[in-house]
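S.K.:
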Amino acid sequence: MLHYWNLPAATAKTMNAEGWVRTGDAAYMDEDGYVFIQDRIKDMIITGGENVYPAEVESAIYGHPDVAEVAVIGVPDARWGEAVKACVVPRTGHTIDTDSVIAWARTRIAGFKVPKSVDVIDALPRNPTGKIMRRTLREPYWVEMERRVN
17 MLHYWNLPAA TAKTMNAEGW VRTGDAAYMD EDGYVFIQDR IKDMIITGGE
67 NVYPAEVESA IYGHPDVAEV AVIGVPDARW GEAVKACVVP RTGHTIDTDS
117 VIAWARTRIA GFKVPKSVDV IDALPRNPTG KIMRRTLREP YWVEMERRVN
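Written out as structure tokens, the structure is:
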């Protein structure tokens, strides 16, 4: 990649002086040299000083018998800074008991990663390419906040 077409500010934000591209992905490398992408850094939730990657929480919730789709976001929390919230779409003909979604996740991931709350919605907001627009889901919770991190 040389640059973004007619977007010098975006190019400067994405590329460092040596020409390396910052993808915004959070990843780790195992002892054999394999790289594992965990999630996007901008989507990471920091709750009580712990990093929570939405993709991990979403994977824990997928498989719940009533959930068709899920997106996980961070919302303001007075005590922890951010709290984990799941936004779920029910399977056709199913009703979602939000407590059952939390209980389902609790058996699959660490306690600090379990959603503190669950919103049941009709559909996840998506851009024209089908990507979930987490920003749209987060925005109503952060509207009164001066910063996007609590």
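No gaps in the numbering here: position 26 of the sequence shown is 42 in the working numbering, and each next residue is one more. Note that the Cβ used here is the ideal one computed from N, Cα and C, for glycine as well.
T39 bridges to which residues according to DSSP?
M.R.: If you number the sequence shown from 1, residue 39 lands on position 23. Partner(s): none; T39 has no beta bridge.
S.K.: Can you tell me where the alpha helix (DSSP H) holding D115 begins and where it ends?
M.R.: Here residue 115 refers to the residue found at position 99 when the sequence shown is read from its first residue. That run of the alpha helix (DSSP H) goes T114 to R122.
S.K.: Within 10 Å of its beta-carbon, does T63 have 16 or more other beta-carbons around it, so buried, or fewer, so exposed?
M.R.: Counted from its first residue, the sequence shown places residue 63 at position 47. Buried is the call here.
S.K.: Buried or exposed for Y50, please, with buried defined as at least 16 other CB atoms from any protein chain shown within 10 angstroms of its CB.
M.R.: The count along the sequence shown starts at 1 and reaches residue 50 at position 34. When all chains shown are included, Y50 counts as exposed.
S.K.: Note down the Cα distance separating Q54 from A87, rounded to an integer number of angstroms.
M.R.: Residue numbering aside, residue 54 sits at position 38 when the sequence shown is read from its first letter. Residue numbering aside, residue 87 sits at position 71 when the sequence shown is read from its first letter. If I take the Cα positions, the gap works out to 15 Å.
S.K.: Thinking C-alpha only, which one of I137, G97 and S133 is nearest H110?
M.R.: Residue 110 sits at position 94 when you count from the first residue of the sequence shown. Of the candidates I137, G97 and S133, the one whose C-alpha sits nearest the C-alpha of H110 is I137.
S.K.: Residues in its own chain within less than 6 Å of V91 by CB, not counting five upstream and five downstream?
M.R.: Stepping through the sequence shown from its first residue, residue 91 is reached at position 75. Excluding residues within five positions, the ones whose Cβ falls inside 6 Å are A99, K101 and Y157.
S.K.: Near R154, what residues of its chain come up, given a Cβ to Cβ distance below 6 Å and the 5 sequence neighbours on each side ignored?
M.R.: Walking along the sequence shown from the start, residue 154 turns up at place 138. The answer, listed in chain order, is I89.
S.K.: With DSSP run on the structure shown, which of helix, strand or coil describes G127?
M.R.: Counted from its first residue, the sequence shown places residue 127 at position 111. The three-state reading of DSSP puts G127 in helix, counting H, G and I together.
S.K.: Rounded C-beta distance between I118 and P131? I'm assuming under 8 Å.
M.R.: Translated into the one-based positions of the sequence shown, residue 118 becomes position 102. Translated into the one-based positions of the sequence shown, residue 131 becomes position 115. Rounded, the Cβ-Cβ distance is 6 Å, consistent with contact.
S.K.: Return the CA-CA distance between H19 and G146, expressed in angstroms with no decimal places.
M.R.: Your numbering for residue 19 matches position 3 in the sequence shown. Your numbering for residue 146 matches position 130 in the sequence shown. One C-alpha to the other measures close to 25 Å.
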